[in-house]
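Peer 1:
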Amino acid sequence: MDRAKKGLLCASAFALGGVAAQFVPPAGSLHSTASAASEIHLAPAPRLHPKERYAIPQPIHPATPELEPFDFTDGKIMTGATSRRMILFTFDDGPDENNTPILLDQLDRYGIKAVFFLTTNRMAERTPWGRRHRELAREIVRRGHTIGNHTMNHPRLGKASEARLLEEIDGTARFIEDVTGVYPVLFRPPGGIRSERLDRFVKERGYTMVLWNIGAGDFQVDTASLVENTLFRVFERRKREDGHQGGIVLLHDTYRHTIEAFPRIVERFLAENCRLLEAGEELYDFVEDPRYFFSPRDGAGPDEEAAPGDIPPAVLAERQARLREATRARCGL
Ligand SMILES: [Zn+2]
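Per my numbering, the very first residue in the sequence shown carries number 1; after that it's consecutive.
1) By a C-beta neighbour count over all protein chains shown, 10 Å radius and 16 as the cutoff for buried, is proline 308 buried or exposed?
2) Regarding histidine 133 and ligand 1, is the C-beta to nearest heavy atom distance less than 7 Å?
3) Would arginine 238 be called buried (16 or more neighbouring beta carbons within 10 Å of its own) or exposed?
4) So if DSSP puts glutamate 305 in a beta bridge, which residue, or which two residues, is it bridged to?
5) Would you say aspartate 96 touches ligand 1, meaning its beta carbon is less than 7 Å from a heavy atom?
6) For methionine 152, which three-state DSSP category applies?
7) Glutamate 168 and leucine 186 - do their beta-carbons sit closer together than 8 Å?
8) Does the Cβ of proline 155 lie closer than 7 Å to at least one heavy atom of ligand 1?
9) Using the Cβ count rule (16 or more neighbours within 10 Å means buried), how would you classify glycine 246?
10) My parser needs the alpha helix (DSSP H) runs of 4 or more residues fully inside the stretch 164-219; what are they?
11) Starting from leucine 250, trace the beta strand (DSSP E) both ways and give me its first and last residue.
12) Taking all protein chains shown into account, decide if isoleucine 248 is buried (16 or more other Cβ within 10 angstroms of its Cβ) or exposed.
13) Taking the straight line between their C-alpha atoms, what separation do you get for leucine 107 and lysine 113?
14) Measuring only the C-alpha atoms, how far is leucine 323 from lysine 159?
15) So, is arginine 47 buried or exposed, given that buried needs 16 or more other C-beta atoms within 10 angstroms?
16) Would you grab the beta carbon distance between isoleucine 147 and phenylalanine 116 for me? Rounded to a whole angstrom, and I think it's under 8 Å.
17) For ligand 1, any of its heavy atoms closer than 7 Å to the Cβ of threonine 100?
18) Just to confirm, are phenylalanine 89 and histidine 252 a CB contact at a threshold of 8 Å?
19) Going by the DSSP bridge assignment, what does phenylalanine 89 pair with across the sheet?
20) Quick check on proline 95: does DSSP put it in helix, strand or coil?
21) What did DSSP end up calling serine 284 once you bin it into helix, strand or coil?
22) Mind checking which residues open and close the alpha helix (DSSP H) that includes phenylalanine 235?
23) Skipping 5 residues on each side, what residues in its chain have a beta carbon closer than 7 Å to that of glutamate 177?
24) So, is serine 295 buried or exposed, given that buried needs 16 or more other C-beta atoms within 10 angstroms?
25) Using the C-alpha atoms, what's the distance from phenylalanine 293 back to threonine 82?
26) Between which residues of its own chain and valine 227 is the CB-CB distance below 7 Å, once the five residues before and five after are set aside?
27) Rounded to whole angstroms, what's the CA-CA distance from asparagine 273 to glutamate 125? Just pull it up for me.
28) In whole angstroms, what is the alpha-carbon distance linking asparagine 99 and leucine 165?
29) Considering only residues of the same chain and omitting the five flanking positions on each side of threonine 327, which have a CB-CB separation below 7 Å?
30) So what does DSSP say about proline 101, is it helix, strand or coil?
31) Report all residues from its chain with a CB closer than 7 Å to the CB of glycine 191; omit the five preceding and five following residues, and keep chain order.
32) Less than 8 Å separating the beta-carbons of glycine 75 and asparagine 213?
33) Taking only three categories from DSSP, how would you classify phenylalanine 116?
34) Any idea what DSSP makes of isoleucine 354, helix, strand or coil?
35) Whose C-beta lies closer than 7 Å to the C-beta of serine 225 among residues of the same chain, with five residues either side of it excluded?
36) In angstroms with no decimal places, state the Cα-to-Cα distance between aspartate 303 and tyrosine 207.
See the structure below:
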């Protein structure tokens with residue numbers, strides 16, 4: 001419990017310099033990297049060499065304010081449900097040396113911070129390939145993104161024993177801490193599969209479970225257009241059926257078609273903001289981290305979900321004012 005308790009997850013608050021990991025994953029546990037033909041041409045992924053390769057360009061999205069470190073320990077389950085136009089991007093199953101570096105540059109270009117739920121089997125290999133993935137995990141932290149725990153081997157944990165949960169959740173969290181210097185307290189179950197035992201374990205260990213309400217099914221398709229269209233179709237359904245106006249977006253930085261779809265998705269929200277500004281409506285706000293969906297557990301049961309949009313109105317008003325100003329300039333209004 002103490003391990004999880006001590007974790008703060010505002011990644012930028014931590015200095016780097018993690019210890020190289022020495023885990024060896026079970027054979028056959030590695031994901032394959034999908035490659036897909038697409039109409040968008042992207043430059044090849046750079047060879048990883050953090051300090052030199054990653055000059056951070058000027059963001060074209062309004063700069064995010066400096067945030068105080070925030071304790072995500074022991075919160076209610078985050079689902080993404082919100083009546084506000086807040087969007088939090090999350091990327092699962094990485095890091096992936098072919099795709100994550102491109103995504104990190106895209107995020108910098110838009111000034112967006114995301115949450116990366118790491119599946120650590122690639123990082124655990126005692127090979128140059130494994131080392132490059134460990135470096136990539138540190139780079140995610142260095143660029144100010146938040147790291148979450150998505151297990152070592154991506155097993156379905158619905159029927160997992162206590163020992164397996166300890167290994168896949170606590171073991172992975174300690175491994176990520178060794179590599180990045182950050183003990184991740186956000187946890188996302190592989191496949192979103194839960195059980196009473198898993199929920200209880202997460203609560204007892206002081207982690208906070210993060211689900212999503214806007215998926216794009218990017219693991220089931222192979223073009224950027226399909227990812228983009230599915231995401232917005234799902235979002236429209238959430239609006240219509242559940243009254244959600246924003247939420248937590250689930251994507252995977254292990255697929256090239258997802259990386260190609262991401263700027264299109266962002267641009268579509270940005271274009272929509274031009275229209276919303278003219279209509280005098282609330283704008284879509286890409287929030288930096290999960291605090292906008294977080295509420296403390298305060299003794300609530302293991303399966304208790306966080307209330308949507310529990311943010312001081314003044315904070316939201318200030319964000320919207322800043323966003324309107326930037327959007328006015330960007331859209332020529
Ligand atoms: Zn996953």
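Cβ coordinates follow ideal geometry from the N, Cα and C atoms, glycine included.
Peer 2: Considering the structure as presented:
1) With 16 or more other Cβ atoms within 10 Å, it is buried.
2) False, no ligand heavy atom lies under 7 Å from that Cβ.
3) Classification of arginine 238: buried, given that the 10 Å Cβ count is 16 or more.
4) Looking at the DSSP output, glutamate 305 bridges to Ile77.
5) The answer is no for aspartate 96.
6) DSSP places methionine 152 outside both helix and strand once states are collapsed to three, so it counts as coil.
7) No, the Cβ-Cβ distance between leucine 186 and glutamate 168 is not below 8 Å.
8) No, the Cβ of proline 155 stays beyond 7 Å of every heavy atom of ligand 1.
9) Around the CB of glycine 246, 16 or more other CB atoms lie within 10 Å, so the residue is classed as buried.
10) The DSSP assignment places 172-180 and 196-204 as complete runs of the alpha helix (DSSP H) inside the stretch 164-219, in order along the chain (cut-off: 4 residues).
11) Segment 247-252, the beta strand (DSSP E) holding leucine 250.
12) Isoleucine 248 comes out buried.
13) In a straight line, the C-alpha of leucine 107 is about 7 Å away from that of lysine 113.
14) Straight-line Cα distance between these residues: approximately 45 Å.
15) With a pLDDT of only 36 at arginine 47, under 50, the local geometry of the prediction cannot be trusted, and the value read off the model is given with reservation. It counts as exposed.
16) So it is a contact: roughly 6 Å between Cβ atoms.
17) Proximity of the beta carbon of threonine 100 to ligand 1 is not indicated: no heavy atom of the ligand is located closer than 7 Å.
18) Judged by their CB atoms, phenylalanine 89 and histidine 252 are not nearer to each other than the 8 Å cut-off.
19) In DSSP, phenylalanine 89 forms a bridge with Val249.
20) The three-state reading of DSSP puts proline 95 in coil, since its state is none of H, G, I, E or B.
21) The residue you asked about is not serine; residue 284 is tyrosine in the sequence shown. Residue state, collapsed to three classes: coil.
22) Counting along the chain, the alpha helix (DSSP H) containing phenylalanine 235 begins and ends at 224-242.
23) Result list for glutamate 177: Tyr183, in chain order.
24) Serine 295 should be labelled buried.
25) Using only the alpha carbons, I get a separation of about 8 Å.
26) Hits under 7 Å: Ala216, Asp218, Val221, His257, Thr258 and Ala261.
27) In a straight line, the C-alpha of asparagine 273 is about 44 Å away from that of glutamate 125.
28) Looking at the two C-alpha atoms, the distance is approximately 29 Å.
29) Residues Asn273, Cys274, Leu277 and Leu283 of the same chain have their beta carbon placed closer than 7 Å to that of threonine 327, with the five preceding and five following residues left out of the count.
30) Helix, per DSSP.
31) Here glycine 191 has Arg156 as same chain residues with Cβ atoms under 7 Å from its own Cβ, once five neighbours each way along the sequence are excluded.
32) Here glycine 75 is not near asparagine 213, since their CB atoms are 8 Å or more apart.
33) If DSSP states are grouped into helix, strand and coil, phenylalanine 116 belongs with the strands.
34) Any property of residue 354 remains undetermined from this structure, which presents the chain solely from 1 to 333.
35) In the same chain as serine 225, and ignoring 5 residues on each side of it, no C-beta atom comes closer than 7 Å to its own.
36) CA-to-CA, the gap between aspartate 303 and tyrosine 207 works out to about 13 Å.
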